[in-house]
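Colleague: Okay, handing you the structure first.
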Amino acid sequence: MSIHVRNFAVVQLPVKNLEVSIKWYRDVLGIPFTFEFSTGDNEAWLNVGGVGLGLIRCPEVPCLDFTDMAGQDQPIISLQVDQIHEVYEELKSKGIEVSEMTYKRGGGYSFRFRDPDGHLNHLWGGWPSAEDEERNA
56 MSIHVRNFAV
66 VQLPVKNLEV
76 SIKWYRDVLG
86 IPFTFEFSTG
96 DNEAWLNVGG
106 VGLGLIRCPE
116 VPCLDFTDMA
126 GQDQPIISLQ
136 VDQIHEVYEE
146 LKSKGIEVSE
156 MTYKRGGGYS
166 FRFRDPDGHL
176 NHLWGGWPSA
186 EDEERNA
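This note's numbering puts the first residue of the sequence shown at 56, with every later residue one more than the last.
Below is the structure:
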């Protein structure tokens, strides 16, 4: 028998203030709950495209991003969104500090920002269209 990993089941993020993090991921990013959350719980479970996102209350929250060999900060998690340009403007209008929108040939548009616990987040607009590739040649 050989092992066959089919998918990610859950990703867990340590958070200091669970209620603040719930509002951030649910209300700002629009990620729905998987299970009902009650005040006083130490974890909340949201659903990102069939993968559980666990927000776990912790006394200390470590930095989860890292620096690659080129000296660039890298996030642990990247989330795919539709209409990335509109999402970018919406987050900016909500007062969220976002990076510049970047375009990578063959990789598409993306940008970064931090959540309330300082976790580096990355939003990606999906694979680029032929028009995007032409426009950014």
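For every residue, glycine included, the Cβ atom is placed at its ideal position computed from N, Cα and C.
Remember, it's a predicted structure, so these values are computed and weren't measured experimentally.
What ranges does the alpha helix (DSSP H) occupy inside the segment 116–184, keeping only unbroken runs of at least 4 residues that lie completely in it?
Modeller: Correct list: 139–148.
Colleague: In whole angstroms, give me the CA-to-CA distance for Leu108 and Arg169.
Modeller: For Leu108 and Arg169, the distance between alpha carbons rounds to 16 Å.
Colleague: Per DSSP, Ile58 forms a beta bridge with which residues?
Modeller: Paired residues: none, contrary to the question.
Colleague: What is the DSSP secondary structure of Ile86, reduced to helix, strand or coil?
Modeller: Looking at Ile86 - three-state DSSP - the assignment turns out to be coil, as it is neither helix nor strand.
Colleague: Quick one, are the C-beta atoms of Lys71 and Val116 less than 8 Å apart?
Modeller: In this structure, Val116 lies closer than 8 Å to Lys71 by Cβ.
Colleague: According to DSSP, simplified to helix, strand and coil, what is Glu98?
Modeller: Looking at Glu98 - three-state DSSP - the assignment turns out to be strand.
Colleague: What does Leu110 pair with, by DSSP beta-bridge criteria?
Modeller: According to DSSP, Leu110 bridges with Leu68, Ala99.
Colleague: Could you give the DSSP three-state label for Ser76: helix, strand or coil?
Modeller: Note: Ser76 maps to helix in three-state DSSP.
Colleague: Short of 7 Å in beta carbon distance, which residues of its chain neighbour Pro130, apart from the five on each side in sequence? Order them along the chain.
Modeller: Around Pro130: Asp120, Arg167, Leu175, Asn176, His177.
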